[in-house]
Amino acid sequence: MEVCYQLPVLPLDRPVPKHVLSRRGAISFSSSSSLFGAPDPRQLSQRRGAISYDSSDQTALYIRMLGACVIFKQLFSRDVRVRSRAGFEPERRGSHPYLCVDFRILHSKPDPTASTSSRRVRRLLSFQRYLSSSRLFRGVPPRNPLHILDDDYTGQAKCMLEKIGSWNFNIFLFDRLTNGNSLVTLTFHLFNHYGLIELFRLDMVKLRRFLVMIQEDYHSRNPYHNAVHAADVTQAMYCYLQEPKLSKSLTSCDILLGLLAAATHDLDHPGVNEPFLIKTNHYLAALYKNTSVLENHHWRSAVGLLRESGLFSHLPAEDGLNMERQLGSLILATDISRQNEYLSKFREHLDNEDLCLANACHRHFVLQMALKCADICNPCRPWELSKQWSEKVTEEFFHQGDIEKRYKLEVSPLCDSQANTIGNIQIGFMTYVVEPLFAEWARFSDTRLSRTMLGHLGLNKASWSGMLQELAGGADDGAQEGAEVPAEDGNSKALPQGSKES
Ligand SMILES: [Zn+2]
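According to UniProt numbering, the sequence shown is numbered sequentially starting from 1.
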């Protein structure tokens with residue numbers, strides 16, 4: 001496998017304390033409450049984590065990452081306890097004058113009567129995965145009463161999968177129909193669809209387990225950065241993979257990596273942004289030297305789950321490592337702060353007409369651009385979907401702003417609910433981030449799908465502008481006039497994507 005891009009380098013390579021090596025749980029936002037909330041640092045050895053490693057494999061990258069644990073003392077000096085979606089409550093530890101950092105609440109204490117085997121299993125799981133799986137162990141039905149309709153819903157979800165290539169695909173409905181399992185169901189379906197299970201001789205049980213772990217390591221409490229967003233990005237990625245230029249040049253390996261990267265690109269996202277982690281001295285900011293902190297964490301979390309599941313354990317070690325590196329390169333490309341760097345390179349290639357998809361490096365670059373588009377394609381979806389995403393992301397931004405205000409930290413741009421509205425955030429995002437990217441993507445892939453996306457983008461922007469004008473007292477009933485979206489199919493909405501232009 002040809003790898004010709006700059007590989008990120010792990011910044012830490014220091015000895016790991018014995019008590020850290022003796023456990024599997026490692027660095028995870030999911031598990032961080034038991035780390036940060038623990039009044040006694042000795043409790044470190046009891047925490048569970050999403051990123052795990054085999055202690056016999058002491059050369060694993062993760063062990064180096066675990067070196068960050070030695071700086072745990074710092075964690076107790078700048079800490080913010082995130083209580084829930086509904087609100088954040090400060091939690092003082094004894095007489096310490098500092099803030100207490102925590103990104104998750106522990107809902108339960110270890111049950112002393114639990115069997116050794118269930119404790120062992122629990123140790124292998126991240127906190128969130130434990131919460132779900134423990135219900136299975138105990139035979140407690142899921143809280144969602146809709147489970148009784150599982151069969152019916154599965155049928156309807158299957159019907160939806162037949163239109164998985166439609167740009168109108170309603171991921172929110174699909175998530176409800178699959179009982180909150182949209183990411184697992186959709187990704188597994190796509191692996192099947194592309195024949196990746198046979199091609200890469202994947203163990204179905206390991207694949208299923210891997211996908212379940214991924215889904216559960218997304219934080220369902222995040223209004224936006226949760227498993228539904230990951231499923232949405234994976235569905236968008238599939239639409240791009242189906243575009244003629246890509247579908248006729250991508251290899252199975254490219255497709256496998258593209259889907260994996262889409263599904264894992266925000267893994268274990270804490271619901272706050274990088275500047276927040278930096279200004280609160282979060283250990284991950286130190287670990288990654290304030291550079292692509294979240295993206296590095298998403299990547300390393302994905303690698304941890306790949307290794308824990310053993311999904312690629314039958315492949316030659318070199319191939320497995322190459323997969324991990326390429327996965328990292330794709331996920332790191334989603335760092336929005338590096339948008340101009342990628343966009344300039346893309347523009348240059350398009351100006352020079354020198355993108356050659358027979359070249360593995362160029363294919364990889366196009367996959368990076370496709371993933372970037374998939375990640376921020378919300379404003380290019382039909383209004384009723386796009387609007388929901390806008391509300392969710394704004395809720396997450398304002399939530400962060402509320403914490404910052406509470407702790408007298410500088411409020412991050414876009415996070416102040418008193419200074420921003422959904423509309424002005426969206427218009428700025430569309431104008432400066434989304435439009436430039438999708439304009440270049442449309443130059444690269446001049447298809448109906450690209451025109452559909454640009455059409456929705458124009459309409460949605462006009463809608464937000466109209467709503468802002470209404471708010472300002474100048475109602476503009478014709479907000480949607482002047483922008484057009486090509487019909488998605490011959491009849492009404494669904495465009496036959498991947499089809500050649502007439
Ligand atoms: Zn994302």
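Beta carbons: idealized from backbone N, C-alpha and C, even for Gly.
Taking its Cβ as the centre, do 16 or more other Cβ atoms sit within 10 Å of residue i, making it buried, or is it exposed?
{"i": "Glu-216", "result": "buried"}
{"i": "Glu-243", "result": "buried"}
{"i": "Ile-51", "result": "Bear in mind that the predicted position of Ile-51 carries a pLDDT of just 39, short of 50, making it too unreliable to give a figure here."}
{"i": "Val-140", "result": "Interpretation of Val-140 is limited by its pLDDT of 41, a score under 50 that renders its predicted location unreliable; the figure taken from the coordinates is listed afterwards. Classification for Val-140: exposed."}
{"i": "Gly-428", "result": "exposed"}
{"i": "Ser-390", "result": "buried"}
{"i": "His-314", "result": "exposed"}
{"i": "Lys-461", "result": "buried"}
{"i": "Thr-234", "result": "buried"}
{"i": "Tyr-432", "result": "exposed"}
{"i": "Thr-280", "result": "buried"}
{"i": "Glu-308", "result": "buried"}
{"i": "Arg-201", "result": "exposed"}
{"i": "Leu-99", "result": "With a pLDDT of only 35 at Leu-99, under 50, the local geometry of the prediction cannot be trusted, and the value read off the model is given with reservation. Its Cβ being crowded by 16 or more others within 10 Å, Leu-99 is buried."}
{"i": "Glu-404", "result": "buried"}
{"i": "Pro-270", "result": "buried"}
{"i": "Met-323", "result": "buried"}
{"i": "Lys-387", "result": "buried"}
{"i": "Asn-181", "result": "buried"}
{"i": "Asn-378", "result": "buried"}
{"i": "Ala-262", "result": "buried"}
{"i": "Asn-352", "result": "exposed"}
{"i": "Leu-199", "result": "exposed"}
{"i": "Asp-232", "result": "buried"}
{"i": "Thr-447", "result": "buried"}
{"i": "Leu-471", "result": "exposed"}
{"i": "Gly-155", "result": "exposed"}
{"i": "Leu-183", "result": "buried"}
{"i": "Gly-473", "result": "exposed"}
{"i": "Gly-310", "result": "exposed"}
{"i": "His-282", "result": "buried"}
Consider the C-beta atom of residue i and the heavy atoms of ligand 1; say whether any pair is separated by less than 6 Å.
{"i": "Asp-217", "result": "no"}
{"i": "Asp-375", "result": "yes"}
{"i": "Asp-266", "result": "yes"}
Relative to the C-alpha of residue i, which residue among the options is closest?
{"i": "Asn-170", "options": "Ala-358, Gln-418, Ala-236", "result": "Ala-236"}
{"i": "Gly-466", "options": "Ala-360, Gln-426, Cys-159, Glu-395", "result": "Gln-426"}
{"i": "Glu-384", "options": "Ala-333, Asn-290, Leu-457, Ala-442", "result": "Leu-457"}
{"i": "Gly-455", "options": "Arg-381, Gly-271, Tyr-283, Leu-306", "result": "Arg-381"}
{"i": "Pro-223", "options": "Val-303, Val-272, Lys-245", "result": "Val-272"}
{"i": "Val-366", "options": "Arg-347, Pro-379, Cys-377", "result": "Arg-347"}
{"i": "Met-213", "options": "Leu-284, Asn-340, Pro-275, Val-303", "result": "Val-303"}
{"i": "Ala-439", "options": "Ser-344, Asp-402, Cys-239, Arg-209", "result": "Ser-344"}
{"i": "Trp-441", "options": "Leu-207, Ile-376, Glu-391", "result": "Ile-376"}
{"i": "Ser-337", "options": "Asp-203, Val-184, Val-393, Asn-290", "result": "Asn-290"}
{"i": "Lys-392", "options": "Ile-403, Glu-470, Cys-373, Ile-422", "result": "Ile-422"}
{"i": "Thr-264", "options": "Ala-227, Leu-284, Ala-285", "result": "Ala-227"}
{"i": "Ala-374", "options": "Tyr-240, Ser-220, Glu-410, Asn-281", "result": "Tyr-240"}
{"i": "Gln-339", "options": "Arg-443, Trp-167, Val-434, Tyr-194", "result": "Val-434"}
{"i": "Lys-248", "options": "Asn-420, Gln-388, Arg-363", "result": "Arg-363"}
{"i": "Asp-335", "options": "Gln-469, Leu-371, Ala-472", "result": "Leu-371"}
{"i": "Arg-420", "options": "Asp-402, Leu-409, Leu-437", "result": "Checking the sequence shown, residue 420 turns out to be Asn, not Arg. For the residues Asp-402, Leu-409, Leu-437, the minimum Cα distance to Asn-420 belongs to Asp-402."}
{"i": "Lys-158", "options": "Tyr-218, Phe-172, Glu-353, Thr-185", "result": "Thr-185"}
{"i": "Asp-319", "options": "Cys-253, Ser-166, Lys-163, Arg-451", "result": "Cys-253"}
Assuming the contact rule is C-beta atoms closer than 8 Å, residue i and residue j should be a hit. Round their C-beta distance to whole Å, please.
{"i": "Asp-268", "j": "Ser-301", "result": "5 Å"}
{"i": "residue 507", "j": "Trp-299", "result": "Only positions 1 to 502 of the chain appear in this structure, which leaves residue 507 out of reach."}
{"i": "Leu-287", "j": "Glu-274", "result": "The Cβ separation is near 13 Å, so there is no contact."}
{"i": "Gln-368", "j": "Tyr-342", "result": "7 Å"}
{"i": "Ala-230", "j": "Asp-266", "result": "6 Å"}
{"i": "Thr-187", "j": "Leu-211", "result": "5 Å"}
{"i": "Lys-245", "j": "Leu-357", "result": "7 Å"}
{"i": "Leu-350", "j": "Arg-443", "result": "5 Å"}
{"i": "Leu-190", "j": "Tyr-238", "result": "6 Å"}
{"i": "Leu-284", "j": "His-297", "result": "5 Å"}
Item to complete: State whether the segment 396 to 403 contacts the segment 414 to 422, with contact taken as three or more CB pairs (one from each stretch) at a distance under 8 Å.
Response: In short, these stretches touch, since the Cβ pair count reaches three.
Discussion item. Quick test of the definition: if touching needs 3 or more C-beta pairs under 8 Å, does the segment 316 to 331 touch the segment 255 to 270?
Written reply: Yes, the segment 316 to 331 is in contact with the segment 255 to 270.
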